[in-house]
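Taking it in order: structure first as structure tokens, then the write-up.
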Amino acid sequence: MRGKNSLIAAVVIAAATALVIAFSIYKPQYAAITLLVYFATVFFLSVMVFILSSMYDKHRSSIDTKDFVAIAEHLNIEIMIWADDYSFIYLNKRIRQLLEVDYDGYDRVFAMNKAFGLIDNDPDLLRKIAAKDSHEASFRGKNGNITTITWSTSLVKNRRTHSVYISTGFDLTELKKMKVNLASANDFFNAAMELAEIGVIMTTDHKKYAVSPEAARVLGIHGNSVDVNTFRSLIHPNDRNTFDKAVKFADRNVGVESIDLRIKPVDGSYHWYSFRYKAIGATGNTLPLFGGALIDVSQERAKDMLIERLAFIDEVTEIANRNRLMEVGQETYDTCQLLNYSYWIIVLDIDRFHIINDTCGYKNGNYILKNFAHILYKFVTPGGLAARISGDNFALVLRDYGDDELPVLTARKVQEEFARLAVDEFSAINLSCSAGYSKMPEDGSSFLDVMEHAEFALKSSSGLRASICGYEPSMHDSIIGNTELEKQLATAIDNNELQLFYQPKISLKTGRIMGVEALIRWIKPDGTIINPDYFVPIAESSHLIGKISDFVLNEGCQQNKMWQKMGYPNIVMSINFTSSDFYQKDLKEKVFDALTRAGLSPDWLEVELTESLALTDEEFAISQMNNLRELGVKLAMDDFGTGYSSLSYLQKLPITLLKLDKSFITDIQNDNIAYEIVSSVIRIAKSKRIETIAEGIENKDQEEILRKAGCDYGQGYLYGKPMPAQKIEEFFDKTR
Ligand code: C2E
Ligand code: MG
Ligand code: MG
12 MRGKNSLIAA VVIAAATALV IAFSIYKPQY AAITLLVYFA TVFFLSVMVF
62 ILSSMYDKHR SSIDTKDFVA IAEHLNIEIM IWADDYSFIY LNKRIRQLLE
112 VDYDGYDRVF AMNKAFGLID NDPDLLRKIA AKDSHEASFR GKNGNITTIT
162 WSTSLVKNRR THSVYISTGF DLTELKKMKV NLASANDFFN AAMELAEIGV
212 IMTTDHKKYA VSPEAARVLG IHGNSVDVNT FRSLIHPNDR NTFDKAVKFA
262 DRNVGVESID LRIKPVDGSY HWYSFRYKAI GATGNTLPLF GGALIDVSQE
312 RAKDMLIERL AFIDEVTEIA NRNRLMEVGQ ETYDTCQLLN YSYWIIVLDI
362 DRFHIINDTC GYKNGNYILK NFAHILYKFV TPGGLAARIS GDNFALVLRD
412 YGDDELPVLT ARKVQEEFAR LAVDEFSAIN LSCSAGYSKM PEDGSSFLDV
462 MEHAEFALKS SSGLRASICG YEPSMHDSII GNTELEKQLA TAIDNNELQL
512 FYQPKISLKT GRIMGVEALI RWIKPDGTII NPDYFVPIAE SSHLIGKISD
562 FVLNEGCQQN KMWQKMGYPN IVMSINFTSS DFYQKDLKEK VFDALTRAGL
612 SPDWLEVELT ESLALTDEEF AISQMNNLRE LGVKLAMDDF GTGYSSLSYL
662 QKLPITLLKL DKSFITDIQN DNIAYEIVSS VIRIAKSKRI ETIAEGIENK
712 DQEEILRKAG CDYGQGYLYG KPMPAQKIEE FFDKTR
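So for the sequence shown, this note's numbering puts the first residue at 12; every next one is plus one.
Pasting the structure below:
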């Protein structure tokens, strides 16, 4: 198009020049002026053509760009079109909005000013944008907001005019903000972790754990990640299983769970950590996550161990205490039922320990307890246990391997070893212990049940030293259970099956009967006699004891009065009170009523109490004793030496008679220490004007020793077993 126009112009110019030359030849006088006018005209036309053509060109190029601008204007990406000499710069609507520039469309001057004013204040920015495939630049909008755009630029060469650059942008502002947020969240997280001194580990692939600074310190590693296997190797071998299970079974999207682990740093020793962990399942946008927090709980653990020690270890002997025994025992019982195993439980009691304690001193008493515990400990087999139940009561739990002799043989070996301890300062003492045993699960419905049966067997033994006795269901008098026994006992009371037997008490000086002890018997219709050891505890645990005691009190008083009326010499009637009898508020009134009803003088009634009874509530016990004393009734301390004996009671309690327990008397001929104890107790009692009586005298030797020791009275099979009233009358007649 342009070539054709130039040809036309050349032809026109050539024709015009030919005409001017022809005219100048034809009219030479006008040649000079004609040529002058011609050249002036050509010059003028050339200038016009040049101006017009350049205007035309300008018009054309602006039309091309405008087409493109029209398209770019509404595209939803940032577009910038500019000439390499900056003779024009176009910013599309999208970028104008981003930059908050409110001019409309193409305006070269305005755009240039704006662009240079806004883009990072960097005059070379456009060149930099053009120089690279992509260039990131930040813009500050009118309102001060920073916008970051990454530009990608293409050059469009223009043959005739300047080259044009077309830059397309991608807005990174939100992405940048997210990065900043992430970075600060990370800082915040790390700072929080450091402050809380909590080690955190996290993984998405179960190959590596990302670790917080504290976790890195705990593990003794550098950097912020650790290989899963390395982490696992730092866990105590015994805890690895727990950890593996936690990882495997961590409930997806369920709450936080917790396990305790021992973990050691790479070069260090184990500490206890509470590992609180959680697993989060993968979602469309996230990977599955497993993570946990490590909190050092070594100090708490140490405290727990101390508490556990205090709660489960006996202070004196350092073996398991009763709590531990009950816990392990029940677990063992359950295992027995589950796996068809059997275990023996042997309950052991150091004979006359309280007296040893009183006479040899507390320190030596503890020494004996400790050594006894160590002897027992030697006999513990895997799965078994040695424990101190209370005072001088111990237990041994032994696995049964089918040898029914095991409990007796073990108890005997314990007795032999224990006896060997009697050297040096203990050489004068016969150290012995008694044992009762039972088998689980056969002998009871729970561990407690089985243990009580072993204790029952211990108590049911002859009462002699060094006895060993196994539990037999028949010990319960073939009665199935306490409730059944209770029912039968209640009927027995209503049917007057309870009867008092009387055992004579003899003056060791005169050999005369000075009193009787009323001892209850249950005589069944078929004539079987049941001893109080079997039914008094049952009566005590039910309301029946009240009825029994009322009967004993009234019957005892009336019988004594009857004998007086019959002309027999006046004697003291002793009756036994249990703790529930003794702690009744109207005890004084009851005793007074019984005496009045019988018409018996209080001088001829004596109440026997045990030491443990006075221990329950010492202050109230003393006031009750004083109440009875005010009535004029006598007070005896029964079974002295078997309970929590303390000679200090002789000082504190208003008692008139002290009954030495038969366990001292049994072997008094051979046992020096028993003799020493008995004679010193008699001496001390005398100094307090308290009379003494020895229980369980069975032979003349014992009687002789006791008489020489100054004991006032004696009671035992030597003089007579407990007998019905009628037999006592014969006794009176015989000794009159
Ligand atoms: P306790 O008060 O210490 O009674 C003495 C026990 O020793 C009696 O047993 C008696 O038979 C027994 N005994 C007496 N002399 C000898 C002897 O030489 N050798 C041996 N091996 N034993 C002897 P019993 O009658 O079986 O009574 C046992 C316990 O039952 C009594 O011990 C007493 O605590 C309690 N008891 C008996 N009757 C009653 C009662 O009416 N009421 C209450 N609350 N308890 C009673
Ligand atoms: Mg008694
Ligand atoms: Mg007694």
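Where is the CB? At the ideal position from N, CA and C, for every residue including glycine.
| Query | Result |
| --- | --- |
| In its own chain, which residues sit with a C-beta less than 6 Å from the C-beta of W162, not counting the 5 before and 5 after it? | I140, H146, S178 and G180 |
| Measure the C-alpha to C-alpha separation of F254 and L206 and round it to an integer number of angstroms. | 26 Å |
| With distances taken between CB atoms, is the gap from L509 to I540 smaller than 8 Å? | no |
| Can you give me the start and stop residues for the beta strand (DSSP E) that E551 sits inside? | Looking at the DSSP string, E551 is not in any beta strand (DSSP E); the run it does join, the alpha helix (DSSP H), is P543 to E551. |
| Could you tell me the distance, in whole angstroms, from the CA atom of P543 to the CA atom of A430? | 33 Å |
| Which residues mark the beginning and the end of the alpha helix (DSSP H) in which E566 is found? | L555 to K576 |
| How is the beta strand (DSSP E) around Q635 delimited, first residue to last? | That residue, Q635, is in no beta strand (DSSP E); its alpha helix (DSSP H) goes E629 to L642. |
| Report buried or exposed for M636, applying the criterion of at least 16 other Cβ atoms within 10 angstroms of its Cβ. | buried |
| Taking the runs of the beta strand (DSSP E) that are 3 residues or longer, which of them lie wholly in the region 721-747? | 724-726 |
| State the Cα-Cα distance for the pair T346 and V461, rounded to the nearest angstrom. | 14 Å |
| Could you check whether the Cβ of Q713 sits closer than 7 Å to any heavy atom belonging to ligand 1? | no |
| Ligand 3 and E706: does the residue's C-beta get closer than 7 Å to at least one heavy atom of that ligand? | yes |
| What would DSSP say about D307, mapped onto helix, strand or coil? | strand |
| By alpha-carbon positions, which one of I688, A605, A609 and D592 ends up nearest to E619? | D592 |
| Taking the alpha helix (DSSP H) that F254 falls in, what are its first and last residues? | P248 to F260 |
| Under 8 Å by Cβ, that's how I've got I274 and A257 pegged, so tell me the actual separation to the nearest angstrom. | Contact flag wrong, Cβ pair sits at about 13 Å. |
| Strictly closer than 5 Å from CB to any heavy atom of ligand 2: give me those residues in the order they appear in the chain. | N587, E619 and D649 |
| Would you give the residue range spanned by the alpha helix (DSSP H) that K601 belongs to? | L598 to A609 |
| I'd like to know whether the C-beta of A51 is nearer than 8 Å to at least one C-beta of chain C. | Here chain C cannot be found, since the structure has a single protein chain. |
| Within 10 angstroms of its Cβ, does K745 collect 16 or more other Cβ (buried), or is it exposed? | exposed |
| Name the DSSP beta bridge partners of P515, please? | V527 |
| Can you pull the DSSP bridge partners for D360? | N404 and S445 |
| Using a Cβ-Cβ cut-off of 6 Å (strictly less than) and excluding sequence neighbours within five positions of I74, which residues of its own chain qualify? | Any reading at I74 must be qualified, since the residue scores a pLDDT of 43, below 50, and its modelled position is unreliable; the value itself is stated next. Cβ neighbours of I74 beyond the five flanking positions: none. |
| Using DSSP's beta-bridge definition, name the partner residues of D182. | I160 |
| Cβ-heavy atom distance between G652 and ligand 1 below 7 Å? | no |
| According to DSSP, A384 sits in a beta bridge with which residue or residues? | According to DSSP, which records beta bridges pairwise, A384 is partnered with nothing at all. |
| Is there at least one non-hydrogen atom of ligand 5 closer than 7 Å to the beta-carbon of A696? | With respect to ligand 5, the structure offers nothing, as its ligand set consists of ligand 1, ligand 2 and ligand 3. |
| Quick check on the DSSP output: the beta strand (DSSP E) that includes L417 runs from which residue to which? | First-last for L417: L417 to A430, but that is the alpha helix (DSSP H), not the beta strand (DSSP E). |
| Using beta-carbon positions only, say whether L305 and G234 come within less than 8 Å of one another. | no |
| Can at least three beta-carbon pairs, one atom from the region 326-336 and one from the region 396-408, be found at a separation below 8 Å? | yes |
| Grouping DSSP H, G and I as helix and E and B as strand, with all else coil, what is Y284? | strand |
| According to the Cβ coordinates, are A705 and I676 closer than 8 Å? | yes |
| Using 8 Å for Cβ pairs, my map puts Q726 next to K516. What's the rounded Cβ distance? | 5 Å |
| Quick check on DSSP: helix, strand or coil for G376? | helix |
| Within 8 Å, do at least three Cβ pairs link the region 349-361 to the region 443-454? | yes |
| Give the DSSP-derived three-state secondary structure of K38 in the structure shown. | coil |
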